[in-house]
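Numbering (the working numbering), first residue to last: 856 to 1219.
Okay, so here's the structure we're looking at.
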């Protein structure tokens, strides 16, 4: 505990925090625009000293009202919030201006405070991750949470006046009118109509009870966006990678994802799931239209082989007795040109080819 307290003190620059506050108090006429310049970098949570966080919060509140920021107005704001004595009274506020920093360096001082705040948040994130891992939390979940915390630690709070954002707003408006800025459409036309064309840039929150389909809605919307060529990052904090893969494959194939995960798909639905386009540089066995509508049961791993024409297919090698015992004979086995093999013979069958086995061999 002593080492942790010492390391935390190393990530604090009290002089830089006091310099930022002093610059804001000395710029009473807002001639140097200290407050808006620093507000674009720092938020109250970035200050390590709670007194400094409270003072900066009051400075921002006064600035938003359009009043001048000085020792008197800040003291009055603290008195109205009943926090004046908590920060040390008017004497502490006055002591900040005794250092008289250079107003031109206020942004440099603010960046020092922000950088140390990011380091402290990163340390806290790793401490929390270590505790969760020792308590048995899944590694993938902890990694995702640490990543989110670190990304949040690198983003400053965008505090500013509306007038400062008008140019960006007008640019976005004209970009939308000229077709340069468009929403991400969802797979449902009715939803797109309600949302004004789709999901526009910003934060969208799905609200619903347990089992109402929030996760599946997000998966299907993400798959539709990815198929449209839009980069998608899906952070699944509760689902395993296998569950996530089943939902994505279900959205692509139209097969129920729960049946894919549990292995309860019908023979007619299996080709839709196992069929996939060839990777770049690889050829496909046969067109999807030539694939059979029903297939034999999936063999055990020992009985699997590799298709000679494509690594995306696999073959079966099982005795006729085992096939007939597990399920009705597949379509190719009942073909007039290829009678079902008798007992004691073996077959070798590629799932992606509709043709019957090229030959049968008599076992010894």
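All C-beta atoms in this analysis are idealised placements derived from N, C-alpha and C, irrespective of residue type, glycine included.
By a C-beta neighbour count over all protein chains shown, 10 Å radius and 16 as the cutoff for buried, is residue i buried or exposed?
i	result
residue 968	buried
residue 1029	exposed
residue 1088	exposed
residue 989	exposed
residue 1033	exposed
residue 979	exposed
residue 964	buried
residue 1059	exposed
residue 1051	exposed
residue 960	exposed
residue 934	exposed
residue 1022	exposed
residue 918	buried
residue 1049	exposed
residue 873	buried
residue 894	buried
residue 1066	exposed
Go ahead and pull the three-state DSSP assignment for residue i.
i	result
residue 988	helix
residue 1089	coil
residue 1034	coil
residue 1063	coil
residue 917	helix
residue 931	helix
residue 1124	coil
residue 1048	helix
residue 943	coil
residue 925	coil
Closest to residue i by C-alpha separation, out of the options, would be which residue?
i	options	result
residue 1108	1125, 1093, 1094	1125
residue 1085	1032, 1076, 1110	1076
residue 1061	1054, 1119, 1069	1069
residue 900	971, 880, 1051	971
residue 1035	976, 1063, 1027	1027
residue 916	1120, 1038, 879, 1127	879
residue 1112	1093, 1119, 1102	1102
residue 957	1049, 1042, 875	875
residue 1079	1065, 1104, 1067, 1042	1042
residue 1092	1063, 994, 1127, 1046	994
residue 881	962, 975, 952	952
residue 1083	1037, 1105, 1046	1037
residue 904	896, 975, 889, 922	975
residue 977	1004, 1053, 1071	1004
For residue i, write down the residues that DSSP places opposite it in a beta bridge.
i	result
residue 1039	1054
Check: Below 8 Å, can you find three or more Cβ-Cβ pairs linking the region 989 to 1004 to the region 924 to 932?
Finding: Contact annotation: the region 989 to 1004 does not touch the region 924 to 932, with fewer than three C-beta pairs closer than 8 Å.
Check: Is it true that the region 892 to 911 meets the region 977 to 985, where meeting means three or more beta-carbon pairs spaced less than 8 Å apart?
Finding: No: fewer than three Cβ pairs fall under 8 Å.
Next item on the list: Please confirm if the region 929 to 947 is in contact with the region 864 to 872, defined as three or more CB-CB distances below 8 Å between the two stretches.
Entry: At 8 Å Cβ cutoff, the stretches do not touch.
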